[in-house]
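Just so you know, the protein sequences line up as chains A and B, in that order.
So the first sequence is numbered by this note's numbering: it starts at 63 and just counts up by one.
So the second sequence is numbered by this note's numbering: it starts at 63 and just counts up by one.
The structure appears below as structure tokens.
Protein chains: 2
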Amino acid sequence: MSPKALSSDGPLSPQVFHILISLCNNDLHGYAIIREVADRTAGSLTLSASTLYGAIKRMLRDGLITESTERPAPDQDDERRRYYRITPAGRDAVKGESRRIADLARMVADHGLLAEHES
Amino acid sequence: MSPKALSSDGPLSPQVFHILISLCNNDLHGYAIIREVADRTAGSLTLSASTLYGAIKRMLRDGLITESTERPAPDQDDERRRYYRITPAGRDAVKGESRRIADLARMVADHGLLAEHES
DNA sequence: CCCCGTTATATCGCGTGAGGATATAGTTCG
DNA sequence: CGAACTATATCCTCACGCGATATAACGGGG
């Protein structure tokens, strides 16, 4: 069988999952992540500062993200900002969680748990 | 004031979600819930005793389940067992979580987060 | 009949993590 | 100048998952 010890990591919290997704296409700094997530989820997930920076610390520790040294053009930079970049391990984690969600969604459909009689 | 914060309850933990699903069609006792969940998830979620009974206590407190007085036929009963039944609020919670998962699955699909290039 | 593994419920304590409150400081704009 | 916004960081508390442990009834084999 497959030696898939890799993606056997447990499920990601919604917070970590959304942070990783926000970094899939661009490096972002913390405050921008908060805005991006709130925007993409239409406000249903509003990360508080402590949640974000706590999560970032753990994600750095676990190798899901790294701090990026690349800075934007100096005329539109802000020295306070710290940019983060998703790692290959981070992308694997996103894939694993996406798979988990897809499987779960299939189970939900199979069991008819969604109200098919809308208001 | 808000008339009522209907299903604005936060997301369910996988543990609570799966326990509620196991009670959707039948009243079950704790030990049976553990086996049902492990079975349905093909072993990917194996509730420990402390997790189960801790969760049950909270779910009773929050009105997601009630203890059922109905017993099975006395010849196939076991006095030690305590049976639990899902409440309307519990079903609402399942629906809400199912919706959340379906939305998430759609977002996953839209963003192409599932590897379409296997191996 | 007794032993033992399984069934069944329950509690304790630890570690992790989410989030409110708070601190600090630079930036922008009236 | 000062208020609001941007930006990062830490403290503290609470909730929860889970290993460890306790207790006890059940059922079958020796």
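A virtual CB, placed ideally from N, CA and C, is assigned to each residue, including glycine.
The beta carbons of residue 155/B and residue 71/B sit about 6 Å from each other, so the pair counts as a contact at 8 Å.
Just so you know, the alpha carbons of residue 89/B and residue 112/B end up roughly 20 Å apart.
With respect to the 8 Å criterion, residue 92/A and residue 147/A are not classified as neighbours on the basis of their beta carbons.
Annotation: Cβ neighbours of residue 177/B in chain A (cutoff 8 Å, chain order): 157. One thing to note: residue 152/A has its Cβ within 8 Å of the Cβ of residue 82/A.
Among the bridge pairs identified by DSSP, residue 145/B is matched with 91/B. Taken through DSSP and simplified to helix, strand or coil, residue 128/A comes out as strand. A straight line joining the alpha-carbon of residue 172/A with that of residue 142/A spans about 49 Å. Per DSSP, the unbroken alpha helix (DSSP H) holding residue 165/A starts and ends at 150-172. Within chain B, the residues placing a beta-carbon under 7 Å from that of residue 73/A are 76, ordered along the chain. Here residue 164/A is not near residue 104/B, since their CB atoms are 8 Å or more apart. When C-beta distances to chain B are compared with 8 Å, the residues of the region 77-101 of chain A below that value are 83, 86, in chain order.
With fewer than 16 other Cβ atoms from the protein chains shown falling within 10 Å of its own Cβ, residue 132/B counts as exposed. Residue 175/B places its beta carbon less than 8 Å from that of residue 160/A.
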